[in-house]
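Residue numbers (the working numbering): 28 to 297.
As structure tokens, then:
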């Protein structure tokens, strides 16, 4: 397994456990973070032995968002020409967006487990995940508005489909903080647990259930859900018909049916 500066990565039970490991810095997202997360999710996407990814933060917090030192470095690179500054900044923002696109585009389901702070860029990150779970002490905030800037790495594009347009606008305009229970109430979190240990066990249980399913069926289901974000119903129906014309020929289908009939647990190939 590759060693990373910012992340810890473990693989067990076909579950890749990816942990942001900068607890002394509140798991803030520095330059290494943005590069390494792309590498990790490319690996998770390519590795047949990975069925699902659990994304978490070490210590008391998930992440306090982008490292302010990174913003300072970007500001120091500005020159006298506004056009060249704009081109440089735009290119850098697109690079950051690509880091979280790698999470969104991973063929395997990605589950975020959130405790403590989940601020600014961390909201962008969990919005790119398939599901989000949290503990009661979680604190969510779209913090960019308090820094005089527009959130630009996916929050404003992905969250309306998760929590609805009106709620997204309220949180993005005010920057107010939500606790874990409110996050569950508005649909930002699938479920809120009382403690961190309960969160960790609950998320692993969901991950184990997903990992036990047909990997082809899981990937196809995720692909269809992502496709429908940007297409009409008739487009989606046509696409899934074409997809299943191929995938229903897989050995996973008779394996699943035989297991169901015999009331035994199926064992699918990677």
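Glycine is no exception: its CB is placed at the ideal position from the N, C-alpha and C atoms.
{"Check": "Which of helix, strand or coil DSSP assigns to residue 159", "Outcome": "strand"}
{"Check": "Segment limits, beta strand (DSSP E) that includes residue 37", "Outcome": "34 to 39"}
{"Check": "Distance between beta carbons of residue 42 and residue 234, contact taken as under 8 angstroms", "Outcome": "5 angstroms"}
{"Check": "Distance CB(residue 214)-CB(residue 189) smaller than 8 angstroms", "Outcome": "yes"}
{"Check": "Per DSSP, cross-strand counterpart(s) of residue 219", "Outcome": "161"}
{"Check": "Run of the alpha helix (DSSP H) containing residue 264, from where it starts to where it stops", "Outcome": "260 to 274"}
{"Check": "Beta carbon of residue 219 nearer than 8 angstroms to that of residue 171", "Outcome": "no"}
{"Check": "Simplified DSSP state of residue 251, which is helix, strand or coil", "Outcome": "helix"}
{"Check": "Backbone secondary structure at residue 289 - three-state DSSP", "Outcome": "helix"}
{"Check": "Cβ pair residue 36, residue 49 closer than 8 angstroms", "Outcome": "no"}
{"Check": "For residue 168, the first and last residue of its enclosing beta strand (DSSP E)", "Outcome": "166 to 168"}
{"Check": "Backbone CA spacing between residue 269 and residue 282 [nearest angstrom]", "Outcome": "22 angstroms"}
{"Check": "8 angstroms Cβ cutoff met for residue 79 and residue 238", "Outcome": "yes"}
{"Check": "Member of 267, 263 and 134 whose CA lies at the smallest distance from the CA of residue 73", "Outcome": "134"}
{"Check": "As assigned by DSSP and simplified to three states, the class of residue 90", "Outcome": "strand"}
{"Check": "Which of helix, strand or coil DSSP assigns to residue 200", "Outcome": "helix"}
{"Check": "For residue 46, the three-state DSSP class (helix, strand or coil)", "Outcome": "strand"}
{"Check": "Residue 194 - DSSP class collapsed to helix/strand/coil", "Outcome": "helix"}
{"Check": "Span of the alpha helix (DSSP H), counted from its first residue to its last, around residue 121", "Outcome": "109 to 132"}
{"Check": "CA-to-CA distance, residue 58 to residue 97, given in whole angstroms", "Outcome": "7 angstroms"}
{"Check": "At least three beta-carbon pairs within less than 8 angstroms, the segment 151 to 168 to the segment 99 to 109", "Outcome": "no"}
{"Check": "Residues near residue 40 in its chain [Cβ-Cβ closer than 7 angstroms; skip 5 each side]", "Outcome": "235 and 238"}
{"Check": "Paired residues, beta bridge with residue 56 - DSSP", "Outcome": "93"}
{"Check": "Cut-off 8 angstroms between Cβ atoms - residues of its own chain near residue 95, not counting five sequence neighbours on either side", "Outcome": "55"}
{"Check": "Buried or exposed (CB count within 10 angstroms, at least 16 for buried), residue 109", "Outcome": "exposed"}
{"Check": "Coarse secondary structure for residue 213, derived from DSSP in three states", "Outcome": "coil"}
{"Check": "Separation of residue 286 from residue 139, as counted between CA atoms", "Outcome": "30 angstroms"}
{"Check": "DSSP bridge partner residues for residue 82 (one or two, in chain order)", "Outcome": "45 and 139"}
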